[in-house]
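Worksheet: one structure, shown below.
Number of protein chains: 2
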Amino acid sequence: MTACAGALAALSICATATGATTVAVASGPIASAPDSERIAAQLRDAAMAGHDLAYDWVSELTTRFGPRPAGSDSEQHAAEWAAARLKSLGFENVHIESFPLSAWVRGTGNAQLTAPTAQSLTVAALGGSPPTPAGGLEGEVVIFPMLADLQAAPPGSLAGRIAMVAQRMVRTDDGAGYGAVVSARAEGPDVAAQRGAIAFVMRSAGTDNHRLAHAGTTRYVNGRVAIPAFALSNPDADQIERLAALGSVIRMRLFSSAAYIPGAHSQNVIADLRGGDRSDQVVLIGGHLDSWDLGTGAIDDGTGTAIVVAAAKLIRDLPRRPRRTVRVVLFGSEEVAQPVPPSGAFGGHSYADNHRAELASHVLAGESDLGSDRIYAVALPARVSDSEFARAVLRVLTPIGVLPAPRSREEAGTDIEPSVEAGVPAFVLFQDATHYFDIHHTADDTLDKVDRAQLDQNVAAWAALVWLAADSAVDFRASAAPAPQS
Amino acid sequence: MTACAGALAALSICATATGATTVAVASGPIASAPDSERIAAQLRDAAMAGHDLAYDWVSELTTRFGPRPAGSDSEQHAAEWAAARLKSLGFENVHIESFPLSAWVRGTGNAQLTAPTAQSLTVAALGGSPPTPAGGLEGEVVIFPMLADLQAAPPGSLAGRIAMVAQRMVRTDDGAGYGAVVSARAEGPDVAAQRGAIAFVMRSAGTDNHRLAHAGTTRYVNGRVAIPAFALSNPDADQIERLAALGSVIRMRLFSSAAYIPGAHSQNVIADLRGGDRSDQVVLIGGHLDSWDLGTGAIDDGTGTAIVVAAAKLIRDLPRRPRRTVRVVLFGSEEVAQPVPPSGAFGGHSYADNHRAELASHVLAGESDLGSDRIYAVALPARVSDSEFARAVLRVLTPIGVLPAPRSREEAGTDIEPSVEAGVPAFVLFQDATHYFDIHHTADDTLDKVDRAQLDQNVAAWAALVWLAADSAVDFRASAAPAPQS
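Respectively, the protein sequence lines represent chains A and B.
At position 472 of the first sequence (counting the first as 1) the number is 467 in my numbering, and the numbers step up by one without a gap.
At position 54 of the second sequence (counting the first as 1) the number is 49 in my numbering, and the numbers step up by one without a gap.
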């Protein structure tokens, strides 16, 4: 380690790290700020000035390995590459923790309208879907506006038919529209099968209008997905609805050679920046290395891994360590459900299981998994939401456009959720998701969708906040704190 | 025919068509305008107020028939539907003129990188491409920045290899970027084959960054396309260039089951609005009914056919006929080249051949085939470019954003080109093509890409200009006119 290496050298932080030098930053002089806050501001400004590591990371990850489906060789090779890179960046305790997995592979698939006219459709089998018969299957399509309408259909009413849920995802800046449609993806196949349907199709859970279907996992019920299940691209769903409005009976042919590989494995990559006088206390930050198979997982979640690695590396290059340990975890197998519980976040469950004894000393956790568009709000654990720590965070982050979150707590990230459920406090850096669900889980999730300036802003916010938390002695655990306001 | 039916009734044109009533329009009172110009302004305003026919036409065409490749049943069914619709709209002399065709069908196709890592690629075989061997073909990829670089490669230097041209299309408002890259599509396979290549791939001739390849025809040389030829989606081309920049040898596997159907046929649909005292003189307006097979041909060229039909229908609903005949031609087989000359515009050649004797009395022709974004300029035949007729056209069209074209003449449309070459004068209504080549020839060419307000503006400009030309006695033929300035 060269104490003055890296982007921070240019800010003269090496010479003044323990002094009281006034440093002008975007938000004006903060000469009176404590040393820790001044360093946080410098981390922020170094990242905002442009920091190649994050972009280079996601570029190399997505280019070398392409799609990284859970349990694939590609996911494993990406994990090996990531571990080697983390070692070369100077992190400690770098290792890979493998876990068994039942992998799902898409194989090939296609769909056509067979009535009223023959037209090709763009579809993607939902993760976990069983294959169709080798010759495909065909049936009349019954369109339901919402999952609730499908649920209201009587048993047997869909015998021999294909159930379609046509609900559109609403575009919002916080991604709330996703939650409103993803239940159809999770529950639709089971609900349709109970009513006799031979297959389930849905309008994609996505906000774009491209001929690219949005993949995504469905739910196993009693260890299986009952019937073949597909997402249609949104223009294809439009076309089917227009044909139905013309009074046509719609018939569809579906084919999928999806398969299960029960003996696969995935892995988490772990790397530490060991802390100073409180090195047994861990601030955990992560993203996931696996991706859906259609794109190359640039925004889901190549950039998430890039943001946390680059933020940790900026802290690593400081002339002094933070008091607490910063741990980077690059999770495996976030995307695809498992036939047996726990059904999601397999990498996250593996981490929580493997590190159960340590979780009591995990003081804070955060995950970056909503693309790389700008961060606009921060939510801290309820205990500190009105504290000097929170005020320091806002003093550092508000100049780059980060406000207090309107809500104090929500799901902090699929992979860290098992740790959070075990009591680890979490923060959320809310990203602008206005455009995220145009690309999410499609073949379009490729490097060109990454905006470097917004990526830099993410790194800036993560580096500053993680530094402040790791360099503090603040207790984030709720204990006697008042319940969060909803 | 009900004299006061349709959108124009609301403008009281029925009561005043032969009078001198002052009618307020968007551009202010034009009480002093001659009757013909006043009617043109009313046609314009009726269209701008919103006219359902154009949108309904392209909606029904693309929904009922989906993709309409040249020579397909779908193209034929669309032509039959269009002829029936034109009859029901009150047009005369409605008929279908068939012509023989060698059709090309895509079949199935796919591509993968096999080195340095296995990754799926999004490709589309170029129109006219022969199939690969049944087991596909594989080879090392040699990347050339431009067609000229491929042309500079020595004979034999690509033996057993796959040639790739990586040139990017430049986005411009007039579509000029397309011309700069389409030569690679036309000539690339032949140039590559001459140097020993086993296949040709190119970055798509398109300006988007979606995982959708842009189809398009390549050129037959001596009646054949020498080697299998494909377009890569633009993000895939980026990925290959990045892998090459990492120092990797790139290998690719390509498969296509493309086939030729020599005994096919296509057809033009013709419909007249017979003129008054000069009904032997024809103003020809058209678009093409065929489309590429990947999308549903909404903007290429469903909207072109919709614009000319809706414009003619507005004129048809006037209380008096124009002096000259307005002829709508919906051409077949614009998209795909033929193995024997004439290699392009097969519908356009068939029309010019079938109507050779009439072409001398075709006074003017125009084609709408660049999507449905707004018209921003008009070019008239050189003889009238500085005339009272041109000034009247601009008085009517400038209020809806149409300026004189910076150049007096360029290719007026693939389908009308054979007629233009036989001496028929042409006009061009220039459309904003800034976004057209994001979608052109891809699976994304679907109805949702049509902007109704801009479609209405197209109908407005076409209706007004076609009316003015058809209701005039102006001689548009160049004869003694000065040569156009370049």
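Note that the Cβ used here is the ideal one computed from N, Cα and C, for glycine as well.
Within this structure, are the beta carbons of residue i and residue j separated by less than 8 Å?
i	j	result
A:Arg198	A:Ala161	yes
A:Phe422	A:Asp169	no
B:Ala516	B:Leu389	Look at the range of chain B in this structure, -4 to 481, and you will see that residue 516 of chain B is not part of it.
B:Ala194	B:Leu142	no
A:Val220	A:Gly123	yes
A:Ala119	A:Ala208	yes
B:Val303	B:Trp457	yes
B:Val391	B:Ala385	no
B:Gly174	B:Arg166	no
A:Leu121	A:Gln107	no
B:Ala73	B:Phe60	yes
B:Glu131	B:Arg156	One point to set straight first is that residue 131 of chain B is Gly, not Glu, in the sequence displayed. Their beta carbons are not under 8 Å apart, which means B:Gly131 does not touch B:Arg156 by this criterion.
Quick check on the burial criterion: 16 or more other C-beta atoms within 10 angstroms. Buried or exposed for residue i?
i	result
B:Ile34	buried
B:Pro149	exposed
A:Arg319	buried
B:Gly418	exposed
A:Ala87	Looking at the sequence itself, residue 87 of chain A is Glu, so the reference to Ala does not match. When all chains shown are included, A:Glu87 counts as exposed.
A:Glu406	exposed
A:Leu241	exposed
B:Pro507	There is simply no residue 507 of chain B to check, as chain B begins at -4 and stops at 481 in what is shown.
A:Thr103	exposed
A:Pro401	exposed
B:His350	buried
A:Ile395	buried
A:Phe471	buried
B:His90	exposed
B:Ile512	As shown, chain B starts at -4 and ends at 481. That puts residue 512 of chain B outside it, with no answer to give.
A:Pro24	The pLDDT assigned to A:Pro24 is 33, lower than 50, so where the model puts this residue is not dependable; a value taken from the coordinates is nonetheless given after this. It counts as exposed.
A:Ser414	buried
B:Thr393	exposed
A:Ala21	Note that A:Ala21 scores a pLDDT of 35, beneath 50, so its modelled location is shaky; the value from the coordinates is reported in the next line. A:Ala21 should be labelled exposed.
A:Glu32	buried
A:Lys82	exposed
A:Pro420	buried
B:Ala259	buried
B:Asp288	buried
Starting from the Cα of residue i, find the closest Cα among the options and give me that residue.
i	options	result
A:Met164	A:Asp451, A:Asp203, A:Ala147 and A:Ser243	A:Asp203
A:Leu359	A:Leu325, A:Glu412 and A:Asp312	A:Glu412
B:Glu70	B:Tyr50, B:Ser93 and B:Asp440	B:Ser93
A:Ala181	A:His205, A:Trp287, A:Ala355 and A:Ser338	A:Ser338
B:Gly299	B:Ser54, B:Thr213 and B:Leu375	B:Ser54
A:Arg273	A:Ala254, A:Val321, A:Pro257 and A:Thr409	A:Val321
A:Asp233	A:Lys82, A:Arg59, A:Val264 and A:Arg206	A:Arg206
B:Ala372	B:Leu398, B:Val379, B:Ala347 and B:Ala385	B:Leu398
A:Gln189	A:Glu353, A:Ala239, A:Ala387 and A:Ala154	A:Ala154
B:Ala192	B:Pro230, B:Gly151, B:Asp312 and B:Ala171	B:Gly151
A:Ile370	A:Thr409, A:Thr429 and A:His46	A:Thr429
A:Ala49	A:Leu460, A:Phe341, A:Val454 and A:Val461	A:Val454
A:Ile138	A:Ser243, A:Val216 and A:Ala374	A:Ser243
A:Val176	A:Gln452, A:Val461 and A:Phe432	A:Phe432
A:Ala488	A:Gly201, A:Leu238, A:Val335 and A:Glu236	Because chain A in this structure spans residues -4 to 481, residue 488 of chain A falls outside the shown range and cannot be described.
Give the residues of chain A in contact with residue i, contact being defined as C-beta atoms less than 7 Å apart.
i	result
B:Phe60	Thr112
B:Leu249	Those do not exist, as B:Leu249 stays about 16 Å from chain A at its closest Cβ, beyond 7 Å.
Starting from residue i, find everything on chain A with Cβ-Cβ shorter than 8 Å and list it in chain order.
i	result
B:Ser124	Going along chain A, no residue has its Cβ under 8 Å from B:Ser124, so there is no contact; the nearest lies around 19 Å.
B:Leu207	His205, Arg206 and Leu207
Which residues in chain A have a C-beta closer than 9 Å to the C-beta of residue i? List them in chain order.
i	result
B:Asp443	Asn204, Asn229, Pro230 and Asp233
B:Ser69	Thr112, Ala113 and Gln114
B:Leu558	Only positions -4 to 481 of chain B appear in the structure, and residue 558 of chain B is not among them; the question remains open.
Just checking residue i against the ligand NAD - is the residue's beta carbon closer than 7 Å to any of the ligand's heavy atoms?
i	result
A:Asp433	The ligand NAD is absent from the structure shown, which contains no ligand whatsoever.
Name, please, each residue of chain B whose Cβ falls closer than 9 Å to the Cβ of residue i.
i	result
A:Thr117	Ala438
Find the residues of chain B that neighbour residue i, judging by a C-beta separation of less than 8 Å, and give them in chain order.
i	result
A:Arg237	Ser54, Thr58 and Leu442
Is the stretch 320 to 335 of chain B touching the stretch 275 to 289 of chain B, taking contact as three or more C-beta pairs under 8 Å? These segments touch.
Pairs of beta-carbons, one from the stretch 358 to 377 of chain A and one from the stretch 451 to 471 of chain A, closer than 8 Å: are there three or more? yes
Report task. Could you tell me whether the stretch 361 to 370 of chain A touches the stretch 291 to 307 of chain A, where touching means 3 or more Cβ pairs closer than 8 Å? Result -> Counting C-beta pairs closer than 8 Å gives three or more between the stretch 361 to 370 of chain A and the stretch 291 to 307 of chain A, which meets the contact rule.
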